[in-house]
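**Student:**
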Amino acid sequence: MEAKRAKESLVINTDQVMINDLNNYNTLFGGVLMKKLDNNATISARRHARVKECVTASTDSIDFLHPIHQTDSVCVESFVSYTGNKSMEIFCKVIAEDMITGHRRMAATAFLTFVALDENKKAVKVPAVIPETNEEKFLYQSGEERAKTRRIRREHSSQLTEIIELEKPWEEGADKNVEISKLG
């Protein structure tokens, strides 16, 4: 399987901020931005792996750096920054541009991990990535460390799911130490 250049998976999507995308602070809802990130990253992953289906394995981090306002456009850029055997790390950056002044600022960065699937919904091997720009090289060189962190976090999540309570605290037989407050 031949390695691919990072820029081959580059996806750029620019949108305006609509009033129904705003929270009570008149800034873009974080969840609206998260959806934009996941959509962009999915296309980057599919473009890199050249498969019909890629699934989000994890949203590793989203750092909200500056608020995005209604007067801004929001540009999401994504590309494959690092690969494992069957997983792809997608780096996303969000650039907000004030449409009146033209001032641009980095509004957010994010890392998501995707797995490519075959027609039987089984994970498949993905091509390695070739970084070329300084940005791509920096992300690639630090990618192995982020992959180790993901493995540790996944192990922790696995352990946590073994002890998480599934009973409803208000039902018979639930842990009696849970206090239920009543509105009155």
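At position 51 of the sequence shown the residue is numbered 51 (full-length UniProt numbering), and the sequence of numbers has no breaks. The C-beta atom is built at its ideal place from N, Cα and C for all residues, glycine as well.
Give every residue of the same chain whose Cβ lies closer than 6 Å to the Cβ of D15, excluding the five residues on either side of it in the sequence, and list them in chain order.
**Tutor:** Answer for D15: V74, listed in chain order.
**Student:** I think F111 touches S142, with their Cβ atoms under 8 Å apart; what is that distance to the nearest whole Å?
**Tutor:** Between S142 and F111 the Cβ distance is about 10 Å, and since that is not below 8 Å, they are no contact.
**Student:** Only counting the same chain, and skipping five residues up and downstream in sequence, which positions put a Cβ closer than 6 Å to that of R47?
**Tutor:** Result list for R47: S9, in chain order.
**Student:** Nearest CA to the CA of E145: which residue from E89, E165, R50, A45?
**Tutor:** Comparing Cα positions, the closest option is E89.
**Student:** Where do the ends of the beta strand (DSSP E) carrying residue 235 lie?
**Tutor:** It is not possible to answer for residue 235, since the shown part of the chain is limited to 1 through 184.
**Student:** May I have the straight-line CA-CA distance separating L28 from D38, to the nearest angstrom?
**Tutor:** Distance between the alpha carbons of L28 and D38: 16 Å.
**Student:** Quick one: residues in its chain with C-beta nearer than 7 Å to the C-beta of Q70, no 5 flanking neighbours on either side, listed in chain order?
**Tutor:** Closer than 7 Å at the Cβ level, and outside the excluded window around Q70, lie V17, I19, L22, N26.
**Student:** Who are the Cβ neighbours of N24 in its own chain at under 7 Å, not counting the five residues just before and after it?
**Tutor:** Around N24: no qualifying Cβ.
**Student:** So, using beta-carbon positions, are S81 and E171 closer together than 8 Å?
**Tutor:** No; because the gap between Cβ atoms is not below 8 Å, this pair is not in contact.
**Student:** With respect to the alpha helix (DSSP H) encompassing I163, which residues constitute its N-terminal and C-terminal limits?
**Tutor:** From DSSP, the alpha helix (DSSP H) with I163 extends over 143-163.
**Student:** Do D72 and M34 have their C-beta atoms within less than 8 Å of each other?
**Tutor:** Taking 8 Å as the Cβ cut-off, D72 and M34 do not qualify as a contacting pair.
**Student:** According to DSSP, is E135 helix, strand or coil?
**Tutor:** In this structure, E135 counts as helix in the three-state DSSP scheme.
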